[in-house]
Amino acid sequence: MKKTLPIVLFIFIVITACGLSQAAQTETPTAIVTPPPSPTTPPESRSLSICLGQEPNTLYPLGELNAAARSVLAAVNDGPIDMVGYDYQPVIITRMPSFENGDAEIVRTPVQAGGQVVDADGNLVALATGIRVRPAGCRGDDCVITYDGATPLEMDQVVVNFSLRPDLTWADGTPVTADDSVYAFTLASDPNAVVKSFLAERTQIYEATDSQTIQWWGKPGYIDPAYFTNIWPPAPKHIWGDFSAADLPSIDIASRSPLGWGPYMIEEWIKGDHITMTKNPYYFRAADGYPKFDTLSFRFIEDPNMALSEMVAGRCDILDPTIRLDNHAGLLQEMQAGEQAQAFFVPGMTIEWLGLGITPASYDDGYEPVRQGDRQDVFGDAHTRQGIAYCLDRDSVVKDALYGLTTVPATYIPVGHPLYDTNIDALPYNPETGISLLEQAGWRDVDGDPSTPITAVNVINVTPGTPLKLNYYTTTATQRRQVVDILEKSLAQCGIGLNVEYFSQNDLYSPGPDGFLFGRHFDLIEYAMGVNSIEPPCGWFTTDEIPTASNLWIGTNVTAYKNEEFDAACRSAQLSLPDEPSYLESYRQTQVLFSTELPAIPLYYRLRIAAARPDLCHFDLDATANPLWNIEAFDMGEACRN
Numbered sequence: 054m055k056k057t058l059p060i061v062l063f064i065f066i067v068i069t070a071c072g073l074s075q076a077a078q079t080e081t082p083t084a085i086v087t088p089p090p091s092p093t094t095p096p097e098s099r100s101l102s103i104c105l106g107q108e109p110n111t112l113y114p115l116g117e118l119n120a121a122a123r124s125v126l127a128a129v130n131d132g133p134i135d136m137v138g139y140d141y142q143p144v145i146i147t148r149m150p151s152f153e154n155g156d157a158e159i160v161r162t163p164v165q166a167g168g169q170v171v172d173a174d175g176n177l178v179a180l181a182t183g184i185r186v187r188p189a190g191c192r193g194d195d196c197v198i199t200y201d202g203a204t205p206l207e208m209d210q211v212v213v214n215f216s217l218r219p220d221l222t223w224a225d226g227t228p229v230t231a232d233d234s235v236y237a238f239t240l241a242s243d244p245n246a247v248v249k250s251f252l253a254e255r256t257q258i259y260e261a262t263d264s265q266t267i268q269w270w271g272k273p274g275y276i277d278p279a280y281f282t283n284i285w286p287p288a289p290k291h292i293w294g295d296f297s298a299a300d301l302p303s304i305d306i307a308s309r310s311p312l313g314w315g316p317y318m319i320e321e322w323i324k325g326d327h328i329t330m331t332k333n334p335y336y337f338r339a340a341d342g343y344p345k346f347d348t349l350s351f352r353f354i355e356d357p358n359m360a361l362s363e364m365v366a367g368r369c370d371i372l373d374p375t376i377r378l379d380n381h382a383g384l385l386q387e388m389q390a391g392e393q394a395q396a397f398f399v400p401g402m403t404i405e406w407l408g409l410g411i412t413p414a415s416y417d418d419g420y421e422p423v424r425q426g427d428r429q430d431v432f433g434d435a436h437t438r439q440g441i442a443y444c445l446d447r448d449s450v451v452k453d454a455l456y457g458l459t460t461v462p463a464t465y466i467p468v469g470h471p472l473y474d475t476n477i478d479a480l481p482y483n484p485e486t487g488i489s490l491l492e493q494a495g496w497r498d499v500d501g502d503p504s505t506p507i508t509a510v511n512v513i514n515v516t517p518g519t520p521l522k523l524n525y526y527t528t529t530a531t532q533r534r535q536v537v538d539i540l541e542k543s544l545a546q547c548g549i550g551l552n553v554e555y556f557s558q559n560d561l562y563s564p565g566p567d568g569f570l571f572g573r574h575f576d577l578i579e580y581a582m583g584v585n586s587i588e589p590p591c592g593w594f595t596t597d598e599i600p601t602a603s604n605l606w607i608g609t610n611v612t613a614y615k616n617e618e619f620d621a622a623c624r625s626a627q628l629s630l631p632d633e634p635s636y637l638e639s640y641r642q643t644q645v646l647f648s649t650e651l652p653a654i655p656l657y658y659r660l661r662i663a664a665a666r667p668d669l670c671h672f673d674l675d676a677t678a679n680p681l682w683n684i685e686a687f688d689m690g691e692a693c694r695n
């Protein structure tokens, strides 16, 4: 319009002038001079460059995604729900469902023998005589019954309604509908799905009740505390519908350039180098001026030194947490002080653990230290585990190896989490208390030489004279070497000796039965474990999660800690709803048991580290959210000063 308006105006003037000249023939025509149209300068295209520490392994949203893929997909698909600050925010749904607002309810459902239900232990089973279940209205273990195959039985079923925003559109202009979410569920529950879905298995019905409403029914007995998140992110059925669930992960339109509804859409993926995106004109927040950039590029730079150089040179606007900046925390702080960069340090949901080999895999066929050569049962007494914890100078680890940017955990739940028990304190470094606890367990300094390990005198299940010298396994990472140096010296103050061995990450984390961690072949092992959810992971330390031959060595309870009371409390928490008293109380009980029993010793909260150019704004690194959860709001330059 800017170019055609002067022409239209010129035509109007000429026609008007001609009309006047015909009416007054005697007047001398006046020359009409039309100024040339003012040139219009198109707005300068704005671009943002985010550097990743790895290349996405796939962009198929229903695939097994690495961290880089999750960052990239945050620009393609916005939501459906964001996890920010240990809370949930609706993005493409109109509100979070709840029992209070009527979008969720519990219905009593008759169940029959042979039908699938979730039993009293949380397992998905076919209902049969002898199965222990929670009848309708039952939440605790005190009301569990054993099904007799004859008595009519009703169980609770959770029903949740999700309402999509009415202005959702795919990046090709096609409306996003409830059917697209149902289609995604169909793909996730397909036998050929790449990732086996725990939630899909426990879903009885997932259907569209109208074009913008989805209804989820859990299977009878499945009480999910996070029921309000049980929506599948829509998948573009109109694009993918002609392909099978088995084929989609290998097809470019699903795995390399998936269509989304978010702020950006993929233009190209140059393998090994970069991904380029452009602004999605159909983004549901476009009318509000989002996103702020016309083009977005993701560059793949594994070397943190090179990534920092590229940021200083202006070729990386943001360094994503996938770039391993752990060893550059001090440099980043200096750069921030010199206004060369912004540094972001956030303790996250991942904890650095010191695993104690409470029950090595060799004990699975019985504990026989003499006949079978099993390692002595040095960690069987909780006093020994507590004593070791008091002898670990974790505060110095945080101060010296992590620049004081994180803290020592007291339990397995992060300190900022709403379910964290503030009455529990992290055990301090106190060698005197540690030695006292070790002596209570039966360890003594029999030779009076502080340079030699203490030995067993009357330790339960340990041969007298056994020295407390432990193998310590971890990876070769520089930061972990620093941690080991500090801990080795502090443990020596209590008469605990170490034999330290470093391994590659692949070797340390290789699967059982031969792997050190998951094969349960260690005395002490330093490793990291985290979750991509807000729900506290008490299941990490339950008996069911012990990696064994019977479960193909898959499980998180690598120390093989066993405690029926802990199992029951965790199970109660996982099968309760957030507004029920048993939910909070059960999680509190798991933390109390954890802090006294110490199935593993939490060393520190792992840091999420990112960096950005000094004039970038609205990058909000959060403990629980995707690092790029609000990428549409990122801005820089003059806009950040206004």
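Take the position in the sequence shown, starting the count at 1, then add 53; the result is the number in the numbering used here.
Where a beta carbon is used, it is the ideal one built from N, C-alpha and C, also for glycine.
Tell me which residues share the same chain as residue i and place their Cβ nearer than 8 Å to its Cβ, disregarding the 5 neighbours each side in the sequence.
i	result
G690	D668
E117	N110, T111, V247 and V248
A299	D243 and N245
P566	A414, G572, A602 and W606
V229	I145, L217, L221, T222, W223, P287 and W314
M208	R161, T162, V164, V170, V186, R187, P188, A189, P273 and G274
Could you tell me the boundaries of the beta strand (DSSP E) in which residue i lies?
i	result
T256	T256 to D263
Y280	Where Y280 is concerned, there is no enclosing beta strand (DSSP E), given that its DSSP letter is neither H nor E.
C104	S100 to L105
L349	T348 to F353
Y657	A653 to A665
Q268	T266 to G271
A581	L577 to M582
Around the Cβ of residue i, are there at least 16 other Cβ atoms within 10 angstroms (buried) or fewer (exposed)?
i	result
Q627	buried
L349	buried
K249	exposed
S629	buried
R694	exposed
N552	exposed
R424	exposed
M359	exposed
D373	buried
Q642	buried
R161	exposed
T529	exposed
S586	exposed
V365	exposed
Secondary structure at residue i, three-state DSSP: helix, strand or coil?
i	result
T87	Low local confidence applies: a pLDDT of 49 at T87 is under 50, so the model's placement there is unreliable, with the coordinate-based value given in what follows. Coil.
N176	coil
S216	strand
F619	helix
R534	helix
I306	helix
A414	helix
T111	coil
C369	coil
F647	helix
P36	Outside the modelled stretch of the chain, which goes from 54 to 695, sits residue 36, for which no answer is possible.
R123	helix
Y200	coil
E598	helix
M700	Absent from the model: residue 700. The displayed extent of the chain is 54 to 695, so no value can be given.
M364	helix
Give me, in chain order, the residues of the same chain whose beta-carbon lies closer than 6 Å to that of residue i; leave out the 5 immediate sequence neighbours on both sides.
i	result
S34	Summary: the structure shown does not reach residue 34, with the chain confined to residues 54 through 695, and so no result is reported for it.
S449	I539
T609	W593 and E598
T596	K615 and D620
G548	D498, P506 and I507
S234	I267, W285 and P287
F696	This structure gives no information on residue 696, because the portion of the chain shown stretches from 54 to 695.
S563	none
A279	E588
Would you kindly report the start and end of the unbroken alpha helix (DSSP H) that includes residue i?
i	result
D232	A231 to A241
R694	E691 to R694
Excluding sequence positions up to five away, which residues of its chain have a Cβ less than 7 Å from the Cβ of residue i?
i	result
P357	I376, R377, L378 and H381
N283	V213, L252, W269 and D277
I292	I306 and L312
With a floor of 4 residues, list each alpha helix (DSSP H) that falls wholly inside the region 307–335, ordered by position along the chain. The region 307–335 contains no whole alpha helix (DSSP H) run of 4 or more residues.
Restricting to runs no shorter than 3 residues, where is the beta strand (DSSP E) found entirely within the region 492–574? When DSSP assignments are scanned along the region 492–574, the uninterrupted stretches of beta strand (DSSP E) that are 3 or more residues long and fall wholly within it turn out to be 522–528 and 550–556.
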